[in-house]
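S.K.: Let me give you the structure first, and then I'll get to my questions.
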Amino acid sequence: QVQLVESGGGSVQPGGSLRLSCAASRNIFSFNAMGWYRQAPGKERELVANIISSSITNYADSVKGRFTISRENAKNTVYLQMNSLKPEDTAVYYCNANIYPINYWGQGTQVTVSS
Numbered sequence: 013q014v015q016l017v018e019s020g021g022g023s024v025q026p027g028g029s030l031r032l033s034c035a036a037s038r039n040i041f042s043f044n045a046m047g048w049y050r051q052a053p054g055k056e057r058e059l060v061a062n063i064i065s066s067s068i069t070n071y072a073d074s075v076k077g078r079f080t081i082s083r084e085n086a087k088n089t090v091y092l093q094m095n096s097l098k099p100e101d102t103a104v105y106y107c108n109a110n111i112y113p114i115n116y117w118g119q120g121t122q123v124t125v126s127s
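Anchor point for the sequence shown: position 104 equals 116 in my numbering, and the numbering is continuous, going up by one each time.
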C-alpha cells in the first residue's frame, strides 16, 4: 500500500510555469514507474509524463519540450516542472505509482491556465 499526496497546482497565465510535487508514503526506489496523468472536463485521463525503472522517461507529444519529470528518491518525491503553459494544459493532474500489478493514485491537483 502507498499513499500519494500532490501539491503545487494553481492558476497561472499562459506562458507561465508551475511545479507539481508528489510525495509517496514509502520508499519509491523499487516502484516500477511513477508519473503524472491529467484529466480535463469531458475528456479521458491521459498520460502526461512518467519515469520507468528510475531512468526511462516518457512524455505526451503535447508537452514535449515544455514539461520535465524528475524524481528525488531520498525524499520519495516525483516532480513535474511545467513551463510555457497553455490554456489546453488546464486539467486536474494526478500522480500515479505503479507497483506491479497495482496502480496507485493521488487525489489530484487542479491546474488552470487562463488570462
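Each residue gets a CB set at the ideal place from its N, CA and C atoms; glycine is no exception.
Just so it is clear, the structure is predicted and the values come from calculations on it, not from any experiment.
Between G47 and I68, is the Cβ-Cβ spacing less than 8 Å?
M.R.: Taking 8 Å as the Cβ cut-off, G47 and I68 do not qualify as a contacting pair.
S.K.: Grab me the residues of N44's own chain with a C-beta within less than 6 Å of its C-beta, minus the 5 sequence neighbours each way, in chain order.
M.R.: So the qualifying residues of the chain are N110, Y112.
S.K.: Could you say which of A86, N95, I40, R78 lies nearest to C107 if we only look at CA atoms?
M.R.: The shortest Cα separation from C107 among A86, N95, I40, R78 belongs to I40.
S.K.: Which parts of the segment 66–124 are runs of the beta strand (DSSP E), unbroken and 3 residues or longer, counting only runs that do not cross its ends?
M.R.: 68–71, 79–84, 89–94, 103–111, 114–117, all fully within the segment 66–124.
S.K.: Verify whether the separation of the beta carbon atoms of G20 and L97 is less than 8 Å.
M.R.: No. Outside cutoff.
S.K.: Compute the distance between the beta-carbons of C34 and E18, then report whether it is under 8 Å.
M.R.: Against a cut-off of 8 Å, the Cβ pair of E18 and C34 comes out as a contact.
S.K.: Starting from A45, follow its DSSP beta bridges and name the residues at the other end.
M.R.: I64, N110, per the DSSP bridge assignment.
S.K.: Just to confirm my understanding: we take R38, look at its own chain, exclude 5 residues before and 5 after, and list those with CB closer than 6 Å. What are they?
M.R.: Excluding residues within five positions, the ones whose Cβ falls inside 6 Å are V14.
S.K.: How would you label N85, buried or exposed, when you count the other beta carbons within 10 angstroms and need 16 or more for buried?
M.R.: Its Cβ having fewer than 16 others within 10 Å, N85 is exposed.
S.K.: Under the assumption that T124 contacts S23 (Cβ atoms under 8 Å), give the Cβ distance between them as a whole number of angstroms.
M.R.: The Cβ separation is near 4 Å, so the contact holds.
S.K.: Rounded to a whole number of angstroms, what is the C-alpha to C-alpha distance between G118 and S74?
M.R.: G118 and S74: Cα-Cα distance of roughly 22 Å.
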